[in-house]
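One structure is given below, encoded as structure tokens.
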Amino acid sequence: MSRKQETNFEKKPPLIFRIKEKNTIRKAAKVSKSIFSLLNKEYLNRIILANCSFSEGHGARANYLGLGMLYYSFVHLLKAKVAVCLGSGGGFVPRIMRQAQRDLDIEKCSRTIVIDADKPELRYGNPDYLHEGSFLRTLFPHIEIIVKPTKEGACYFVENGIKIDYLHIDADHSYSGSLSDYQAYRPLMADNFIITLHDTNLEGVAKAVEHIRNKEDLEVMDFNYLWGGLAIVKPKTAPDIPISPQDSFPVSIDQSRRFIIFLLKKHAPKLYDKLKEIDESIRRDESSMV
Ligand SMILES: C[S@@+](CC[C@H](N)C(=O)[O-])C[C@H]1O[C@@H](n2cnc3c(N)ncnc32)[C@H](O)[C@@H]1O
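Rendered as structure tokens:
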């Protein structure tokens, strides 16, 4: 049947959908009276931003995530099973990575790994989470901490055949240091990956980003004007992503409605006729009331 031949019943949402919509509105209105925010600000301030040095370099402040919003989004988008952070003073990026995995309900089958060699001589001091009772280790006990130079850390992934979905580079900020981190970890990335490099407003990191942009088959976007600066690196061509049933593409309400009508007509024609009849009588009543 062509679109033109569709009956009124098929074109406008039938009664069954309108009842469903009304129920959804009623329930949503109830929730919106008590919860106003997608972000839980108390959780943000007490868990994500508390005892978190260097978070300002990512633009984070009270009630505000700054670049953290992007780190969260990348884990969320990729449903990242393995998220890795190279270098972190206070664990800001690792906690956001882990939080996103928790929020996706993939906590048990996912990993967030930090690799930091504890190099206070690089003027950043010691990372805050080295001792057992630290804030990060207590509140995020499943974040794995590898105290090693990033190069040695890369061997761990090679030896264990682990592919990384999302990598954040924030360790050695020199040109050779940041570029060699990129080069050591690039082969360890999954097909559908995202890499971010922090502090692109530092000369060394900016130069490494330009090198990556010119040499590789990737797309690079550099928000170097936002706080410390952040470059995002992704594959240029669409990766070959296997789609599991629960990851199938979302369909619009209109598509779902058409599909249900198709199923009704095919498998329950009597029910289809009855619904159509009720729907038309309601429409007639409604139009006579106008
Ligand atoms: C303090 S962070 C820089 C601040 C950062 N923006 C943040 O969010 O914490 C840099 C960290 O990288 C670590 N680091 C530097 N060079 C490294 C290397 N080659 N391997 C491993 N860690 C390194 C330092 O120990 C330091 O903790």
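Taking numbering that gives the first Met the number 0, the leading residue of the sequence shown gets 0, the next gets one more, and so forth. Beta carbons are placed, not taken as given, at the ideal position from N, Cα and C, and that holds for glycine. Note that this is a predicted model, so its numbers are computed, not measured.
Verify whether the separation of the beta carbon atoms of residue i and residue j is less than 9 Å.
| i | j | result |
| --- | --- | --- |
| residue 205 | residue 223 | yes |
| residue 84 | residue 111 | yes |
| residue 229 | residue 57 | yes |
| residue 94 | residue 138 | yes |
| residue 89 | residue 42 | no |
| residue 196 | residue 232 | yes |
| residue 23 | residue 86 | no |
| residue 146 | residue 117 | yes |
| residue 103 | residue 75 | yes |
May I ask whether a heavy atom of ligand 1 can be found less than 8 Å away from the beta carbon of residue i?
| i | result |
| --- | --- |
| residue 125 | yes |
| residue 115 | yes |
| residue 130 | no |
| residue 87 | yes |
| residue 99 | no |
| residue 121 | yes |
| residue 11 | no |
| residue 49 | no |
| residue 65 | no |
| residue 150 | yes |
Which residue from the options puts its Cα closest to that of residue i?
| i | options | result |
| --- | --- | --- |
| residue 99 | 89, 85, 81, 116 | 81 |
| residue 109 | 162, 33, 259 | 162 |
| residue 52 | 28, 19, 133, 142 | 133 |
| residue 191 | 101, 198, 166 | 166 |
| residue 157 | 169, 177, 184, 203 | 184 |
| residue 219 | 65, 75, 209, 130 | 209 |
| residue 172 | 215, 256, 186, 121 | 121 |
Roughly how far, in whole angstroms, is the beta-carbon of residue i from the beta-carbon of residue j, given that I think they are within contact range, below 8 Å?
| i | j | result |
| --- | --- | --- |
| residue 91 | residue 124 | Residue 91 to residue 124, Cβ: 15 Å. No contact. |
DSSP has residue i in a bridge; who is on the other side?
| i | result |
| --- | --- |
| residue 195 | 167, 231 |
| residue 30 | For residue 30, which the question treats as bridged, DSSP gives no partner whatsoever. |
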